[in-house]
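What follows is a short report on a single structure.
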Amino acid sequence: MFAVLHLASFPLQAVLRHEPGAAGQPAALFDNARKKSVVLAVNATAAASGVEIGMTAPQAVARCAKLLIRTPQAALEAEARAAVLAVGFTLSPLIEDTAPGVCTADLRGSPPEKHRLLVTAALAQLHALGFTATAGIAPTPLLALYAARAVSVDATRTKNENEKRFEHSVRFVTDPSSFLAPLPLATADPSPRLAEVLAGWGLRTLGDVTALSCEAFVRRFGAEGLAFWQRAAGGELRPLHPATLPQHFAAEMKFEHEVESLEPLLFILQRFLDRLSLELQAAQFVAAEIDLTLRLENDHPYARRFRLPEPTARTEILFRALHTHLESVRTDATIVAIRLELIPTRPAVRQQGIFDSGLRDPHGFSETLARAAALVGSDRIGTPQLEDTHRPDAVKLVAPPATVASAVTTPVHAPLAPPLHRFRPRLPAQLEIADGRLTYLWTETVRGEIADRSTAYPKNGDWWEPARAWSREEIDVELTHGGIYLLVREGNRWFLEGEYD
Amino acid sequence: MATAPEKLAALRHLLAKRFPTVPRTAGRRLRTGIPAVDETTGGLPLSAITEVVCAAPSCGGKLFFAQLLAATRAARLRVAWVDSTDGFDPCSHPADELAHLIWVRCNGTAQALQATDLFARDANLGLVLLDLRHAPQSELSKIPGPQWYRLQRAVEPTDLALVVQTPRPSVPSAQVRLILDRSFSLRALDDERPALGAQLVATLNRQRLAAAG
Numbered sequence: 000m001f002a003v004l005h006l007a008s009f010p011l012q013a014v015l016r017h018e019p020g021a022a023g024q025p026a027a028l029f030d031n032a033r034k035k036s037v038v039l040a041v042n043a044t045a046a047a048s049g050v051e052i053g054m055t056a057p058q059a060v061a062r063c064a065k066l067l068i069r070t071p072q073a074a075l076e077a078e079a080r081a082a083v084l085a086v087g088f089t090l091s092p093l094i095e096d097t098a099p100g101v102c103t104a105d106l107r108g109s110p111p112e113k114h115r116l117l118v119t120a121a122l123a124q125l126h127a128l129g130f131t132a133t134a135g136i137a138p139t140p141l142l143a144l145y146a147a148r149a150v151s152v153d154a155t156r157t158k159n160e161n162e163k164r165f166e167h168s169v170r171f172v173t174d175p176s177s178f179l180a181p182l183p184l185a186t187a188d189p190s191p192r193l194a195e196v197l198a199g200w201g202l203r204t205l206g207d208v209t210a211l212s213c214e215a216f217v218r219r220f221g222a223e224g225l226a227f228w229q230r231a232a233g234g235e236l237r238p239l240h241p242a243t244l245p246q247h248f249a250a251e252m253k254f255e256h257e258v259e260s261l262e263p264l265l266f267i268l269q270r271f272l273d274r275l276s277l278e279l280q281a282a283q284f285v286a287a288e289i290d291l292t293l294r295l296e297n298d299h300p301y302a303r304r305f306r307l308p309e310p311t312a313r314t315e316i317l318f319r320a321l322h323t324h325l326e327s328v329r330t331d332a333t334i335v336a337i338r339l340e341l342i343p344t345r346p347a348v349r350q351q352g353i354f355d356s357g358l359r360d361p362h363g364f365s366e367t368l369a370r371a372a373a374l375v376g377s378d379r380i381g382t383p384q385l386e387d388t389h390r391p392d393a394v395k396l397v398a399p400p401a402t403v404a405s406a407v408t409t410p411v412h413a414p415l416a417p418p419l420h421r422f423r424p425r426l427p428a429q430l431e432i433a434d435g436r437l438t439y440l441w442t443e444t445v446r447g448e449i450a451d452r453s454t455a456y457p458k459n460g461d462w463w464e465p466a467r468a469w470s471r472e473e474i475d476v477e478l479t480h481g482g483i484y485l486l487v488r489e490g491n492r493w494f495l496e497g498e499y500d
Numbered sequence: 000m001a002t003a004p005e006k007l008a009a010l011r012h013l014l015a016k017r018f019p020t021v022p023r024t025a026g027r028r029l030r031t032g033i034p035a036v037d038e039t040t041g042g043l044p045l046s047a048i049t050e051v052v053c054a055a056p057s058c059g060g061k062l063f064f065a066q067l068l069a070a071t072r073a074a075r076l077r078v079a080w081v082d083s084t085d086g087f088d089p090c091s092h093p094a095d096e097l098a099h100l101i102w103v104r105c106n107g108t109a110q111a112l113q114a115t116d117l118f119a120r121d122a123n124l125g126l127v128l129l130d131l132r133h134a135p136q137s138e139l140s141k142i143p144g145p146q147w148y149r150l151q152r153a154v155e156p157t158d159l160a161l162v163v164q165t166p167r168p169s170v171p172s173a174q175v176r177l178i179l180d181r182s183f184s185l186r187a188l189d190d191e192r193p194a195l196g197a198q199l200v201a202t203l204n205r206q207r208l209a210a211a212g
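In order, the protein sequences belong to chains F and Y. Residue numbers for the first sequence follow numbering that gives the first Met the number 0, beginning at 0 and rising by one. Residue numbers for the second sequence follow numbering that gives the first Met the number 0, beginning at 0 and rising by one.
Written out as structure tokens, the structure reads:
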């Protein structure tokens, strides 16, 4: 059995799927290569309003005032073609890019009872990608194409429909002769001359043609007649020209109108990711990194590559990562083009150890960190790591580890004293000294009589590097109204560096 | 005519009747390693907010957090420390007790609350510490009450404990409120931290009981 996914008015669908709000609107594709522009393709809504192929723009708009007028976009068609193929690979590894908007899949490797289910799911996926498609399942590729074309498309279909509704968009051909018999001659695509002769004979359907003997038909019309008769009989079992799985997972688009806000950008990215994610899954890959490039009007590209916390091919996770990042991006100029590439890797197959303390939701964690970093600054969040020095407050922030290792055994010496609450920046302090004794402390926020004090601890370090050398004297003081503070003297200046709490 | 509290009570009753819910982790606690807390409350309630009021200088607020860091490190739970005044001193802690910590150095109370709102919804964390101990009173008093209830709603479906440290009672949605009001003396600087933790005196000011699961 073969399945064909058929997208009527494919060049028009390829353009409209990238326009938010265009779904369900009457639209027509006009030829922009000729002097007199005529309709090349119409969607079902426009056709229902009376717009036909070959009409001029004024004629079409006279029939349908709200008609969306679009022109062919080769890049969008290529993107749409890749998306259809990506869906095709969910049906079978052996698929053919038969024509624009026609994808043929060889279903002979899958159980016959699952054929309808598979094809229905593929139609639902195409719908999610912004396409309206029909499908046919038949013993030959050509017959499957006829079957797909024979299904009428419901123009009023909305996104809230479930998969069951797509069952009506699939035609399953079990008896080819009874299916073909009532189909009009145009189904088998006769040449104009042949069509005229057959019409003159009073032949109207494919059944009328196949009722004649093939030999007699060939004697009258030669090779052209043989080809037409075979097409009218549903074609032959032919090998497919296999489409290959993509090696690079990238998508790009130039915007017709410059983009200034996030929403249209996200819409396009969602479309890209839907396709790329399917391609990754078909090739049994997952994305390890995302490479995003925005081309700006001022020719300064914005490029960012970010590594995912855990490789994945799930669209919603990839989209969330991009969304979170783009929320904090401000560009100097409007965006004229976008490119997205997913860097593939093989999915890691591992079982966590029973005592491992990994992340429950690595992507959620990464997103939380990204959002928090966007809020406070990327250099102000992370796991603190002490530096190998005695310099005060020598600490750096590193990315939190993926797993929390077991704690080291209890240290020989437990830490002393309550932790310090550090004043950043430290507070300049003034001191009253009576009889060589510190008696009173003033700072901007802390002041009071000094009740007790420790011995002064001189400290210094990095003396072998003059630029980094430091030297100070630390004294702990207790105030009479409560509170223990770290007082520091550097030269003749005093600072309150923190409160032991 | 019904008064405002009566109307509120009637509304609560109506909501409770129409949408009966039981806290998912009612009764579950996070042991702190501080005898004064574990003995009185059984530990910090999960899926709820605990407020620690530091009513005196050097009363052990950071020591309280240090004990929590040690307890969660042993249990290998991830901790986020949202620091509203950038006062956390990593050098006061053993390096190994920082391995599970995410330090968020905020610039002001509003930013700290926003960051807490993010972390309180993360399923990977076991504890979120919001340090408002040195936040200016003017900023604390500007926090609208509903923001605290929003945080409470955020932690309810999670398994984490949210601990907020404030200079005076400020969190209306706190399930447990502890008050630390005894300052340490200079001699405490020579004592080992576990011994200091045992000396902490935390007065239980509020404990709302959750429905049993």
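Glycine is no exception: its CB is placed at the ideal position from the N, C-alpha and C atoms.
Check: With a Cβ-Cβ cutoff of 7 Å, do F/Ala332 and F/Leu295 count as a contact?
Finding: Yes, the pair counts as a contact, with Cβ atoms nearer than the cut-off.
Open item on the list: If I follow the unbroken beta strand (DSSP E) through F/Lys458, where does it start and stop?
Closed with: 456-460
CB contact check: Y/Gln198 to chain F, cutoff 7 Å: Cβ-Cβ to chain F under 7 Å: no for Y/Gln198.
So F/Arg170 and F/Ala146 are supposed to be a Cβ contact under 8 Å. How far apart are they, rounded? 4 Å
Does DSSP put Y/Cys105 in a helix, a strand or coil?
coil
Determine which residues of the stretch 88-110 of chain Y have a Cβ less than 9 Å from any Cβ of chain F, and write them out in chain order. Asp88, Pro89, Cys90, Ser91, His92, Pro93, Ala94, Asp95, Glu96, Leu97, Ala98, His99, Leu100, Ile101, Trp102, Val103, Arg104, Cys105, Asn106, Gln110
> In three-state DSSP terms, what is F/Thr44?
Replying inline: helix
Under 8 Å (Cβ pairs) to chain C, residues found in the stretch 18-51 of chain F | Of the protein chains in the structure, F and Y, none is chain C.
>> If distances are taken between C-alpha atoms only, which option among F/Ala121, F/Ile68, F/Ala59, F/Leu236 comes closest to F/Phe1?
In response: F/Leu236
Going by alpha carbons, who is nearest to F/Gly49 out of F/Phe178, F/Cys63, F/Val86? F/Cys63
Three-way DSSP call (helix, strand, coil) for F/Lys513 in this model: No information on residue 513 of chain F is available, as it lies outside the stretch 0 to 500 that chain F covers here.
State the DSSP-derived secondary structure class of F/Ile52, mapped to helix, strand or coil.
coil
Exercise for review: Buried or exposed for F/Leu234, please, with buried defined as at least 16 other CB atoms from any protein chain shown within 10 angstroms of its CB.
Suggested key: According to the sequence provided, residue 234 of chain F is Gly. The question's Leu does not apply to it. So F/Gly234 ends up on the buried side.
### Task
Look at the alpha carbon of F/Glu498 and the alpha carbon of Y/Leu185, and state the distance between them as a whole number of angstroms.
12 Å
Any beta carbon of chain Y sitting closer than 7 Å to that of F/Ala371?
At least one CB atom of chain Y sits nearer than 7 Å to the CB of F/Ala371.
Taking all protein chains shown into account, do 16 or more other C-beta atoms lie within 10 angstroms of the C-beta of F/Ala198, making it buried, or fewer, making it exposed? So F/Ala198 ends up on the exposed side.
_Through-space distance from Y/Arg207 to F/Gln24, alpha-carbon basis_ = Going from the Cα of F/Gln24 to the Cα of Y/Arg207 covers about 57 Å.
### Task
Count the other CB atoms, across all protein chains shown, that sit within 10 Å of the CB of F/Gln429; report buried if there are 16 or more and exposed otherwise.
exposed
Going by DSSP in three states, Y/His12 sits in which element: helix, strand or coil? helix
Need the endpoints of the alpha helix (DSSP H) that F/Trp200 sits in, please.
191-200
- Should F/Tyr499 be flagged as near chain Y, meaning a C-beta pair shorter than 7 Å? yes
If the criterion is Cβ atoms closer than 7 Å, does the pair Y/Ser91 and F/Pro418 meet it? yes
ask   = Mind checking F/Tyr484: buried by the 16 CB within 10 Å criterion, or exposed?
value = Buried, because 16 or more other Cβ atoms sit within 10 Å of the Cβ of F/Tyr484.
**Item:** DSSP three-state assignment for F/Thr323, whether helix, strand or coil
**Value:** helix
Once DSSP output is grouped into helix, strand and coil, what is the label at Y/Leu53? One detail in the question is off: residue 53 of chain Y reads as Cys in this sequence, not Leu. Of the three classes helix, strand and coil, the one that applies to Y/Cys53 here is strand, per DSSP.
Y/Pro56 touches chain F at which residues, Cβ-Cβ below 7 Å?
-> Gly481, Gly482, Glu498
### Message
Run through chain F and tell me which residues come within less than 8 Å of Y/Ser169, C-beta to C-beta.
### Response
Chain F residues near Y/Ser169: none, gap ~18 Å exceeds 8 Å.
**Q.** Assigned secondary structure, Y/Gly196 (DSSP; H/G/I helix, E/B strand, else coil)
**A.** Annotated three-state conformation of Y/Gly196 is helix, per DSSP.
Checklist entry - Near F/Glu278, what residues of its chain come up, given a Cβ to Cβ distance below 7 Å and the 5 sequence neighbours on each side ignored? => result Ala85, Pro245, Phe248
Discussion item. Our contact map puts F/Glu95 next to F/His240 with C-beta atoms below 8 Å; I'd like the distance itself, whole angstroms only.
Written reply: 5 Å
Chain F contact residues for Y/Ser184, given Cβ-Cβ distances below 8 Å: By Cβ distance, chain F contributes Asp451, Glu477, Ile483.
- Message: Taking the beta carbon of F/Pro410 as the centre, do at least 16 other beta carbons fall within 10 Å, making it buried, or is it exposed?
- Response: Residue environment for F/Pro410: exposed (fewer than 16 other C-beta atoms within 10 angstroms of its C-beta).
- Query: Using the C-alpha atoms, what's the distance from Y/His99 back to F/Lys458?
  - Reply: Here the alpha carbon of F/Lys458 sits roughly 30 Å from the alpha carbon of Y/His99.
#### Entry: Same chain only: Cβ atoms within 7 Å of F/Leu321, ignoring 5 sequence neighbours per side
Leu268, Ile289, Leu291
Q: Would you kindly work out how many angstroms separate the C-alpha atoms of Y/Gln136 and Y/Leu177, rounded to a whole number?
A: 19 Å
Who are the near neighbours of F/Arg69 in its chain, counting only those whose CB is closer than 8 Å to its CB and skipping five residues on each side? Leu11, Val14, Leu15, Ala26, Ala27, Leu28, Phe29
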